[in-house]
Each structure stands twice: as structure tokens, then as C-alpha cells.
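Engineer: Right, I'll just put the structure down here and ask away after.
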Amino acid sequence: MISLENVAMKLNGAQNIVITAHTNPDGDAIGSSLAMKHALESVGKRAKVVIDDKLPRHLSCLPDFDTIIRPPQTAEKIPCDIFLVLDTAPDRIGDTQKSFEGEMLNIDHHITNKGNPSCTYVDAKRAATAEIIYELLDIMQITLTKKIASCLYLGMATDTGFFKFANTTAFTMNAVANCLEAGVKPNEIAEFTEQKSYETVKTMAEAMNTLELFADGRAAGIFLNEELTKKAETTEGFIDQIRIIEGVDIAVLLKCNNARECRVSMRSKGANVAKIAESFGGGGHIRAAGATLNMGFYEAKSAIMAAITFALKG
Ligand code: 5GP
Ligand code: MN
Numbered sequence: 000m001i002s003l004e005n006v007a008m009k010l011n012g013a014q015n016i017v018i019t020a021h022t023n024p025d026g027d028a029i030g031s032s033l034a035m036k037h038a039l040e041s042v043g044k045r046a047k048v049v050i051d052d053k054l055p056r057h058l059s060c061l062p063d064f065d066t067i068i069r070p071p072q073t074a075e076k077i078p079c080d081i082f083l084v085l086d087t088a089p090d091r092i093g094d095t096q097k098s099f100e101g102e103m104l105n106i107d108h109h110i111t112n113k114g115n116p117s118c119t120y121v122d123a124k125r126a127a128t129a130e131i132i133y134e135l136l137d138i139m140q141i142t143l144t145k146k147i148a149s150c151l152y153l154g155m156a157t158d159t160g161f162f163k164f165a166n167t168t169a170f171t172m173n174a175v176a177n178c179l180e181a182g183v184k185p186n187e188i189a190e191f192t193e194q195k196s197y198e199t200v201k202t203m204a205e206a207m208n209t210l211e212l213f214a215d216g217r218a219a220g221i222f223l224n225e226e227l228t229k230k231a232e233t234t235e236g237f238i239d240q241i242r243i244i245e246g247v248d249i250a251v252l253l254k255c256n257n258a259r260e261c262r263v264s265m266r267s268k269g270a271n272v273a274k275i276a277e278s279f280g281g282g283g284h285i286r287a288a289g290a291t292l293n294m295g296f297y298e299a300k301s302a303i304m305a306a307i308t309f310a311l312k313g
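Just so we're aligned: 288 in numbering that gives the first Met the number 0 is position 289 of the sequence shown, and the numbers increase by one with no gaps anywhere.
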């Protein structure tokens, strides 16, 4: 594995940087990417954020959110000095890698990252990739502006469940304190990102109606069939409503995209859900993980329930 000092040195020597993060992007993926863009631009470099997916609207308050592009479909690869992959190994960035060529650097906090060690920096102690970017900017002696700090704050807030999960550390809180010093207003960010439409809250009630307890009450799930998945503009925060159930270790949210594809999200209070996600080709962290299942709704539902029940027995 390379060091963060090494990453800093390579970025210092580059002029033109393309930044990308995982598909199905969350606050950490987008926050880390935009923080890096603002930071690099603040020292006179050119940086572009490219993500191969739809962007969640609840994150559109971040500065320069509107400048994020999908990978251009060009015959020839577009050259860049550094191709920076954040918050995932390069296997989950869609077609972005096909559009650019440049030296790859990968920064991540996922324990399941199995990227090439000669260009990868992983720190699984860090709650968010945004925390690692915070450390990196310190090494590069880049001043935290309000723009950079807002992006880093949202990344850390997202991945710690607004500083409630077990991954929240003193390091997180110190970094957050410095973001507030730089001008971030937590209430403004929370009000914007947590806002939901009336229709979404009604759909949330329907989703809650699918709630099932299983594995002797140690797991709880909500299961959205294709129709309900299409109706839900977002499922952000749904799983948090069931992870609080007394006696439940693993919470699961299943969404059915079509007859051949379902998405699963898991949260736990103790059990290793990254291991369960990996058994379906996904990954994540011990207490938060996900996977895409190439199955229809009922098949995916029974497969994930069986895997969770087995994991909780073992
Ligand atoms: P979420 O449930 O919020 O989609 O994801 C929870 C955690 O698991 C996140 O850290 C996310 O990056 C990771 N994760 C979710 N889906 C996948 C997947 O398909 N593959 C891998 N490697 N990680 C995933
Ligand atoms: Mn993350």
C-alpha cells in the first residue's frame, strides 16, 4: 500500500486531475470528490468530478454539485495526469475508467477494498473517505475553505449517521470542529439533506408496511417490490427507521430495480454484514454494507433472508 504522503506528492506534481467515486453515490462519495476538487482548484490545479450514475438530489446543496458530469462517450481516452478514485476500489466506478487515461490513485476506507496496492491507500479506521481527504489536505497544507469544509462535513456526517454510529471517533469530531471553524452550519446542511417530499414520506409509510422480523427477531427487513421501488423517489433514511428495533442486530432494505436486479443495504449493531454482502459480490464495512443481486424480487428476498439468518446462527 502507498502512503498518504506519497499521494500528496503525486498530486502536488500534477496539473490536471480527474476525480471519480462509486456508482450509486452517497454523501461521502460526492462530498469527498467535491472537497478534493475545491482543494485542488484552490492551489491552481484543474480538477473535474466524473461519476457514472444519477446523482441524489438531497446532496445538491454542495458547492459545484452541478459541475459533476457523466463519463463522456468518446472514441479515444481523454488524458489526465492523475485519475483519482475515491470511496471504492476501481471496480465500482462504472464506465468512467474507459473514458480517461492517467496514473491511477485510489483512496478508500472500505475494509473490503482489494485494489492494486501500488496505487492504493486504504484506512479502514476512518469513518469516511472524507476524513482521509481531511488528513491529506493537512499534509498538502491546503487551507480549509468553507466550500471544502462543507463537502468534507457532509461526507463525514453521511457515513457516521450524523455522528451516531460506532465508527465516529475523536478524530471525526476534531475534523468536524475544524469544518465548523471554516464556516459550516450543521443545521443548514441537515435541513437541506433530510428534507423529503410529502409523496416520499407517504411512500415511506408503505415501505414500512412491508416490515418483517426474522432470524428469531434478531433481523428486520423492509422489502420494496419493483412497483414500490419505482414509486420511491429516494429510500434515504428508510433503513435507519428499522435498525432501531429492540433486539434487532441486522437491518436490511431490499429494492427491486427489475426482474433481474435487486439492491440490498444492510446495517448491524454487531454482526459482520460486509461478509454477507461479499458473499453476494458486494462489500462495505462491518456494520454497513450492500450488494447488487442479479435476481428477481422473491428470489433475492429469500436469498438475503437465508444468508442473514445463517450469519446470525454461526
Ligand atoms: P448502502 O447500504 O448505504 O448503499 O452502503 C453501505 C456501505 O456498503 C457503503 O459504505 C457502500 O460503499 C458499501 N456498498 C454498498 N453496496 C456495495 C456494493 O455493491 N459493493 C461494494 N463493494 N460495496 C458496497
Ligand atoms: Mn464512504
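Here a beta-carbon is modelled for each residue, glycine too, at the ideal position from N, C-alpha and C.
In whole angstroms, what separates the C-alpha of G154 from that of K124?
Structural biologist: Reading the sequence shown from its first residue, position 155 is the one you call residue 154. Reading the sequence shown from its first residue, position 125 is the one you call residue 124. Whole-angstrom Cα-Cα distance: 15 Å.
Engineer: Under 7 Å: does the beta carbon of H108 sit that close to some heavy atom of ligand 2?
Structural biologist: Stepping through the sequence shown from its first residue, residue 108 is reached at position 109. For ligand 2, at least one heavy atom lies less than 7 Å from the Cβ of H108.
Engineer: May I ask you to report which of helix, strand or coil DSSP gives N186?
Structural biologist: The residue given as residue 186 occupies position 187 in the sequence shown. Correct three-state label for N186: helix.
Engineer: Tell me the residue span of the alpha helix (DSSP H) that contains C118.
Structural biologist: Reading the sequence shown from its first residue, position 119 is the one you call residue 118. Looking at the DSSP string, C118 is not in any alpha helix (DSSP H), and its letter there is neither H nor E.
Engineer: Should T192 be listed as close to ligand 2, given that the test is whether its C-beta is under 7 Å from any heavy atom?
Structural biologist: In the sequence shown, the residue the question calls residue 192 occupies position 193. Because no heavy atom of ligand 2 lies under 7 Å away, the Cβ of T192 does not count as near it: no.
Engineer: Flag this pair as yes or no: are the beta carbons of C178 and L135 separated by less than 8 Å?
Structural biologist: What you label residue 178 is simply residue 179 of the sequence shown in a count that begins at 1. What you label residue 135 is simply residue 136 of the sequence shown in a count that begins at 1. In this structure, L135 does not lie closer than 8 Å to C178 by Cβ.
Engineer: Assign V48 to one of two classes, buried (16 or more other C-beta atoms within 10 Å of its C-beta) or exposed (fewer than that).
Structural biologist: Taking the first residue of the sequence shown as position 1, residue 48 is located at position 49. The residue is buried, with at least 16 neighbouring Cβ atoms inside 10 Å.
Engineer: For I1, which option in H21, A38 and S117 has the closest C-alpha, if you only look at C-alpha atoms?
Structural biologist: What you label residue 1 is simply residue 2 of the sequence shown in a count that begins at 1. Of the candidates H21, A38 and S117, the one whose C-alpha sits nearest the C-alpha of I1 is S117.
Engineer: Let me check understanding here. Comparing Cα to Cα, which of Y197, I285, F222 and N23 lies closest to I303?
Structural biologist: Position 304 of the sequence shown holds residue 303. Cα-wise, what sits closest to I303 is F222.
Engineer: Looking only at DSSP bridge pairs, what is F222 linked to?
Structural biologist: Within the sequence shown, residue 222 is the residue found at index 223, counting from 1. DSSP lists L253 as partners of F222.
Engineer: What does V263 pair with, by DSSP beta-bridge criteria?
Structural biologist: Mapped onto the sequence shown, residue 263 falls at position 264. DSSP lists L253 and A290 as partners of V263.
Engineer: Relative to the C-alpha of N224, which residue among V251, A258 and L212 is closest?
Structural biologist: Start at 1 with the first residue of the sequence shown, and residue 224 comes out as number 225. Minimum Cα distance to N224 is reached at A258.
Engineer: Inspect the CB distances between the region 24-32 and the region 44-64 and report whether three or more fall short of 8 Å.
Structural biologist: Flag = yes, the region 24-32 and the region 44-64 touch.
Engineer: Flag T128 as yes when its Cβ comes closer than 7 Å to any non-hydrogen atom of ligand 2, and as no otherwise.
Structural biologist: Working through the sequence shown from its first residue, we reach residue 128 at position 129. Answer for T128: yes, Cβ within range of ligand 2.
Engineer: In chain order, what residues of the same chain lie with their CB nearer than 6 Å to the CB of I68, ignoring the 5 residues before and after it?
Structural biologist: The sequence position of residue 68 within the sequence shown is 69, counting from 1. So the qualifying residues of the chain are V49.
Engineer: Taking the alpha carbon of F164 as the reference point, which residue from L292, I243, G282 and D215 has its own alpha carbon closest?
Structural biologist: The sequence position of residue 164 within the sequence shown is 165, counting from 1. Ranking the options by Cα distance to F164, first place goes to I243.
Engineer: For ligand 1, I want to know if S264 counts as a neighbour, meaning its beta carbon is within less than 7 Å of at least one of the ligand's heavy atoms.
Structural biologist: For the purposes of this step, residue 264 is taken as residue 265 along the sequence shown, with counting starting at 1. Yes.
Engineer: Locate the beta strand (DSSP E) running through F99, then write down its first and last residues.
Structural biologist: Sequence index remark: in the sequence shown, residue 99 carries index 100 (1-based). Element bounds for F99: F99 to D107.
Engineer: Could you tell me the distance, in whole angstroms, from the CA atom of L58 to the CA atom of G220?
Structural biologist: One-based indexing of the sequence shown puts residue 58 at position 59. One-based indexing of the sequence shown puts residue 220 at position 221. Answer to the nearest angstrom: the Cα atoms are 26 Å apart.
Engineer: In the DSSP output, which residue or residues are listed as bridge partners for T19?
Structural biologist: Here residue 19 corresponds to residue number 20 of the sequence shown, with the count starting at 1. In the DSSP output, where bridge partners are listed per residue, T19 has V84.
Engineer: Measure the C-alpha to C-alpha separation of F213 and I307 and round it to an integer number of angstroms.
Structural biologist: By 1-based counting over the sequence shown, the position of residue 213 is 214. By 1-based counting over the sequence shown, the position of residue 307 is 308. Roughly 9 Å separates the two Cα atoms.
Engineer: Could you tell me which residues DSSP pairs with F279 in its beta bridges?
Structural biologist: Counting from one through the sequence shown, the residue named residue 279 turns up at place 280. Paired residues: none, contrary to the question.
Engineer: Answer yes or no: do A270 and D248 have a C-beta to C-beta separation smaller than 8 Å?
Structural biologist: Along the sequence shown, read from residue 1 onward, the residue named residue 270 stands at position 271. Along the sequence shown, read from residue 1 onward, the residue named residue 248 stands at position 249. Yes.
Engineer: Going by beta carbon distance, what residues of the same chain come within less than 6 Å of L85, once the five residues before and after it are set aside?
Structural biologist: Stepping through the sequence shown from its first residue, residue 85 is reached at position 86. Excluding residues within five positions, the ones whose Cβ falls inside 6 Å are A20, S31, S32, I106 and T128.
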